[in-house]
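For the protein sequence lines, the chains are L and S, in the order given.
Take the first sequence: its letter number 279 is residue 279 in my numbering, and every next letter is one higher.
Take the second sequence: its letter number 88 is residue 516 in my numbering, and every next letter is one higher.
Ideal placement from N, C-alpha and C gives every residue a C-beta, glycine not left out.
None of the values given here were measured: they were computed from a predicted structure.
Number of protein chains: 2
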Amino acid sequence: MTQPLRLGIAGLGTVGVGVVRIVQNHADMLEKRSGRRIEIVAVSARSKTKNRDVDLSPYDWEDDPVDLAKRDDIDVFVELMGGDEGPAKAATEAAIAAGKDVVSANKALLAMHGQALAEAAEIAGRSIKYEAAVAGGIPVIKALNEGLAANDITRVMGVMNGSCNYILTRMEDAGLSYEAVFDEANQLGYLEADPELDVGGIDAGHKLALLASIAFGTQVDFGAVTLEGIGSVTIEDIRQAADMGYKIKLLGVAQMTGRGLEQRMSPCLVPDTSPLGQLQGGTNMIVLEGDSVGQIVLRGAGAGEGPTASAVMGDVMDIARGFRMPVFGQPAKDLRKARAAHSAVPAPYYLRLQLQDKPGALAKIARALGESGISIDRMRQYEHQDAAAPVLIVTHKTTKTALDEALDEIANTGVATGSPVAIRIENL
Amino acid sequence: MTQPLRLGIAGLGTVGVGVVRIVQNHADMLEKRSGRRIEIVAVSARSKTKNRDVDLSPYDWEDDPVDLAKRDDIDVFVELMGGDEGPAKAATEAAIAAGKDVVSANKALLAMHGQALAEAAEIAGRSIKYEAAVAGGIPVIKALNEGLAANDITRVMGVMNGSCNYILTRMEDAGLSYEAVFDEANQLGYLEADPELDVGGIDAGHKLALLASIAFGTQVDFGAVTLEGIGSVTIEDIRQAADMGYKIKLLGVAQMTGRGLEQRMSPCLVPDTSPLGQLQGGTNMIVLEGDSVGQIVLRGAGAGEGPTASAVMGDVMDIARGFRMPVFGQPAKDLRKARAAHSAVPAPYYLRLQLQDKPGALAKIARALGESGISIDRMRQYEHQDAAAPVLIVTHKTTKTALDEALDEIANTGVATGSPVAIRIENL
C-alpha cells in the first residue's frame, strides 16, 4: 500500500482555493492517475477568518508559512503566496532545508532567486516544480523540459501576460485609449495590486526568463531581460498597424545568438493572420521552436483559478509518481551564465511619424533612412491633419543601432513633428 | 556512474533515420537533459543495403526485428516499422516478454491491440510509450497524461491527419477538385502506400482512439470510432461553406456523454476564424478541454522526420529518467470498456441542396425541416444554374436522427435534384 502524498498549502487566494477544490472534488481520479492518494494536511494564509467558499476545517492551520513548510507531516510544500522576497522566499527555503518537495506558482521568486533555490534543492535531492508560474494552465514547462527535450531549442516566444493582451485587444475592439482601458481593467480587478507588474512587462519578463533558462541551459537571469511595457502604445498605433496588416502584442522573445542570449519583452508587431496575431483577450500563447520539431504553438488560459490550479496539481501528480528532474531541466551546477546580447537580431520595423506640410519633407525622411542603410518595404502617407500628415513606414530588416541613427537623423531634418514611434516587427 | 540507456531500433524509414541522427548529433545534450548517455546498440530494417544517408556502421544489424527485440544488450526497443500485425506486433510482444521498455510510433498497432499490450507491459513492469503515434511532434499524450492529469477531460478534438488537411486546403487555395489534388498529393508522396488509411480517416481514427482512451480512462476501441473520409468533399462544398464563414476539416472528436463515449472522425465545418479553421496545409492541431484548465490548443507538424523523431526521443528520454507510468495513464486492468454512444450529440448542420426551378420549392424544403423539428439559422439561395438553384442552409442544433428524417422528407418532396449534402458544424 503506497502512502498518500501529503500537501501543505501556503496562500489561499484564487489559486490556492482552486487547488483545494481539485483535491476535494477529484480525489479518486487523482489517485487513479498518479498512483497515490493526494491529501491536504495543513494550510496557511494571511487571514484565517476570510470566507473562501471552501471547507478548510479538515486541515490544520498555520499562521506562519515557514512553520507550515517545516511540518513533519507534509511531503510537498505548495507555495501560492507570491512575491520574490519575504514569507514566500523564507518558506520555500525552509521547505527545501526540511527535505520537502516544492510546487510553486511564484514566477517572481523563481526568476529572481531560481539559481540559488535550484542548487539548494538539488543538493537536498528535492524538486521544485513551477508549471503554474508560466502561462497558467498551458503545460509549457513540461513541453520544453520533457516533450521537446531532444531538440536544440532555437527560439521561445509568446504572449505571456493576459492582462496586457486584454488591454491591447480591447483598445482595438472598442476604439478606446490606453488610459481608458487601463482604468477599466483595473476596476474589473484584472491587474495586479501593483499594475506596473502587468503593464510594465515585469510579470511577463519573469516568465520569459524562466523559459529561456530551460530552453538554453543557462542560469535564469531576469536582469538581462530588455523590458518595455505597453504604456506608450496608442490607439493610433493599433489602428494604423492594422491598416498595414499587423497587430500589436506585448511579445516575449528569447533566442541564443552568436552575440549572446537575447531576452526581450516589448510591444511588437506580428502579422494579423499569424496565430499570435489572432490571439484575443486574456489568452496566452507560447511558440517553441526546435531544430527537429520545427514550430510548436501552445495556447490556453494564462491565469484564473481553474487553469492555474490545474498546472499546480499537474506538478503535484508528477511528484506523486516519483518523476524527478532538475529544476531548470539540467543540473543547476552545470548551468552556465549566459552572455547577454547587447542588441537584438535585425528585424523589420514599423515607423509612424507626423510629417509637416512642407515641400520635400517625405524625401528628407526617405534620405535619412537610406543614409543609415535602411531600405523601405512599404510606405503610406495619409491626409494632413492640423498641418501634419501621418506617415507609416515598414522597413526591411535592420539593426536597432541603424534605426536609432536614422531616427536621430530624422529629428535633425526638422520636418517631423514630435517623436517618431518605432515598433519591431516579429515574423513567425 | 549511471549506465547508458541502450536502444535497439526496428525500422529505418524517415522516422528511424531521424532518430539515429538525433542520437548521433545531440549525444551530449541528451545526456545533460536526461541524466544518462543514450546509445544505439543495434538496428533492423527490411533492406540492409539501402542508402539512408546516415552512418549505421557502429551498430549491429539484425535481419529479424524479433531477434533485435530480445537482445540482452538493449534496454529499449524502438518500434518504427508500422503495421498492426506481422513483424511490428511480434517484435513488440517479444520485447515486452524479454523485459524491455518499448517506444513506438505505431498508431495502428496500439489502436488495435493497445489493451492487450498494455496489460502485458504492466505485468512485466515495463513501459510502452508512443508520443510519436499521435500528432507527430506535438507533445499531446504527455499533455493529457501528465500536464492536464488533474482535469476531468470533457472533450478531445482535432485535425490529426496532415495529408487530409493538405488536400482540403489545397483544394480551396487552387480551386481544384478532390480527385486532382488527391493525385497530386499521391505523386508527391504525401499519402500512405494505401491512401485509404489517410483519406478514409483510418490513420486519424487510430490516433483519436488512443487519445480517447487516455482522456476518458477507457479501453482503446478503434472499432467504435465512426469513420468518414474526405473522398466525398467537393470543391463546391468548400467554396459554399466559405461563403457561410466556415472551413471543412477532417475533424476527430471524442467526448463522454450521458449516452456513452462518442468517437467520430469525419468532415466537419468549423468557424473560419477559429484556430482549427485557420489551420493550413499539413499542420496538426489538437484541442483539449478540461473542467479546470478550460481549453488548451496544441499545434505543430504532425509528420515528417524531425518532428516524429523528436517525439520518439522525448519518450526515450523519459525512460532514461526513470519516468514510468501506465500505458494509457491508468493501470490497464482498471480501464473499463466504454459503452459506445450510438448517436452524436446534437449540433448545427450545414445542408447543401440543388433546388428545382418550381414555384413553392423552397417552402417545401423549409416545411420538411420544420416538421422534423429542425429550425433554420441561416439560408441562402443562389441563382439557378441548369434549371437548379444551389441552396445552403445552416440549421440550429439538431440530432442526426431528426436530420436524416428531414433529408428523407426532402427527397419525398421531389423538388431537390440529387442527394443533399449534410455536414456537421462543430463549434469551438
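Same chain, Cβ closer than 8 Å to residue i, five either side skipped, listed in chain order
{"i": "H824(S)", "result": "P776, I802, S803, I804 and D805"}
{"i": "V773(S)", "result": "Q683, T685 and E690"}
{"i": "D785(S)", "result": "H812, A815, A816 and A817"}
{"i": "D67(L)", "result": "S44"}
{"i": "G742(S)", "result": "E559, P567 and K570"}
{"i": "K337(L)", "result": "T218, Q219 and D221"}
Run of the beta strand (DSSP E) containing residue i, from where it starts to where it stops
{"i": "G722(S)", "result": "G722 to A729"}
{"i": "S266(L)", "result": "G260 to P271"}
{"i": "L820(S)", "result": "A816 to T823"}
{"i": "D805(S)", "result": "I804 to Q809"}
{"i": "L435(S)", "result": "L433 to A438"}
{"i": "V134(L)", "result": "Per DSSP, V134(L) belongs to no beta strand (DSSP E) and is neither H nor E."}
{"i": "M256(L)", "result": "Y246 to T257"}
{"i": "V849(S)", "result": "A844 to I853"}
C-alpha distance - residue i paired with residue j, whole-angstrom precision
{"i": "G294(L)", "j": "Q809(S)", "result": "44 Å"}
{"i": "S605(S)", "j": "M599(S)", "result": "6 Å"}
{"i": "A402(L)", "j": "E371(L)", "result": "9 Å"}
{"i": "S771(S)", "j": "G590(S)", "result": "27 Å"}
{"i": "A637(S)", "j": "K557(S)", "result": "15 Å"}
{"i": "W61(L)", "j": "I630(S)", "result": "55 Å"}
{"i": "Q367(L)", "j": "L351(L)", "result": "The displayed chain sequence assigns Arg, not Gln, to residue 367(L). If you take the alpha carbons of R367(L) and L351(L), they lie about 15 Å apart."}
{"i": "T2(L)", "j": "E228(L)", "result": "50 Å"}
{"i": "A152(L)", "j": "P735(S)", "result": "Strictly speaking, residue 152(L) in this sequence is Asp, with Ala absent from that position. Straight-line Cα distance between these residues: approximately 12 Å."}
{"i": "D626(S)", "j": "A561(S)", "result": "14 Å"}
{"i": "P695(S)", "j": "V661(S)", "result": "8 Å"}
{"i": "V76(L)", "j": "R36(L)", "result": "13 Å"}
{"i": "F610(S)", "j": "L188(L)", "result": "52 Å"}
{"i": "N534(S)", "j": "E521(S)", "result": "13 Å"}
{"i": "M713(S)", "j": "I230(L)", "result": "31 Å"}
{"i": "V587(S)", "j": "N51(L)", "result": "44 Å"}
{"i": "L428(L)", "j": "A303(L)", "result": "25 Å"}
{"i": "D334(L)", "j": "T154(L)", "result": "20 Å"}
{"i": "L148(L)", "j": "L484(S)", "result": "25 Å"}
{"i": "T283(L)", "j": "H454(S)", "result": "35 Å"}
Terminal residues of the alpha helix (DSSP H) in which residue i lies
{"i": "A235(L)", "result": "Reading off the sequence, residue 235(L) comes out as Ile, not Ala. Counting along the chain, the alpha helix (DSSP H) containing I235(L) begins and ends at I235 to D243."}
{"i": "N151(L)", "result": "Note, N151(L): premise wrong, no alpha helix (DSSP H); not H, not E."}
{"i": "T283(L)", "result": "No alpha helix (DSSP H) contains T283(L), which is instead part of the beta strand (DSSP E) from T283 to G290."}
{"i": "G732(S)", "result": "It is not in any alpha helix (DSSP H) - G732(S) carries neither H nor E in the DSSP assignment."}
{"i": "E799(S)", "result": "A789 to E799"}
{"i": "K828(S)", "result": "K828 to T841"}
Cutoff 6 Å; reference residue i; Cβ partners in own chain excluding five residues on either side
{"i": "R767(S)", "result": "G688"}
{"i": "I524(S)", "result": "A548, A549, A552 and R554"}
{"i": "G16(L)", "result": "I9 and L80"}
{"i": "S641(S)", "result": "V648 and F756"}
{"i": "I74(L)", "result": "R6, G8 and V41"}
{"i": "A739(S)", "result": "E559, A560 and G565"}
{"i": "L458(S)", "result": "I466"}
Cutoff 7 Å; reference residue i; Cβ partners in own chain excluding five residues on either side
{"i": "Y618(S)", "result": "S591 and Y594"}
{"i": "K476(S)", "result": "W489"}
{"i": "K792(S)", "result": "T841 and V843"}
{"i": "N578(S)", "result": "Note that residue 578(S) is Ala in the sequence shown, not Asn. Here the set comprises S720."}
{"i": "A760(S)", "result": "Q543, A546, E547, E550 and P754"}
{"i": "P195(L)", "result": "N186"}
{"i": "T845(S)", "result": "Q782, Q784 and A816"}
Heavy atom of the ligand ADP within 7 Å of residue i beta-carbon
{"i": "V17(L)", "result": "Of ligands this structure carries none, so the ligand ADP is not represented either."}
- [ ] Quick one: which residues of the segment 691-716 of chain S get their C-beta closer than 8 Å to a C-beta of chain L? List them in chain order.
- [x] T701, P703 and Q706
Open item on the list: What are the residues in the segment 715-746 of chain S lying within 7 Å of chain L by C-beta distance?
Closed with: G718, S720, V721, G722, Q723, I724, V725, L726, R727, G728, A729, G734, P735, A737, S738, M741, G742, M745 and D746
Task: Unbroken stretches of the beta strand (DSSP E), 3 residues or longer, contained in the segment 157-219 of chain L - done: none
Open item on the list: Residues of the segment 356-385 of chain L in Cβ contact with chain S at a cutoff of 7 Å, in chain order, please.
Closed with: none
Open item on the list: What are the residues in the segment 572-589 of chain S lying within 7 Å of chain L by C-beta distance?
Closed with: E574, G575, L576, A577, A578, N579 and D580
Open item on the list: Along the segment 325-357 of chain L, where does the CB come closer than 9 Å to a CB of chain A? Name the residues.
Closed with: Given the protein chain composition of this structure (L and S), no chain A is represented.
Task: Residues of the segment 431-459 of chain S with Cβ closer than 8 Å to any Cβ of chain L, in chain order - done: G446, I450, H454, M457 and L458
Task: Start-end ranges of the alpha helix (DSSP H) lying completely within the segment 63-125 of chain L, minimum 4 residues - done: 65-70, 86-97 and 107-123
Task: Length at least 3, wholly inside the segment 15-71 of chain L: the beta strand (DSSP E) runs in chain order - done: 38-44 and 60-62
- [ ] Return the residues of the segment 190-218 of chain L that lie within a Cβ-Cβ distance of less than 9 Å from chain S, sorted by chain order.
- [x] G217
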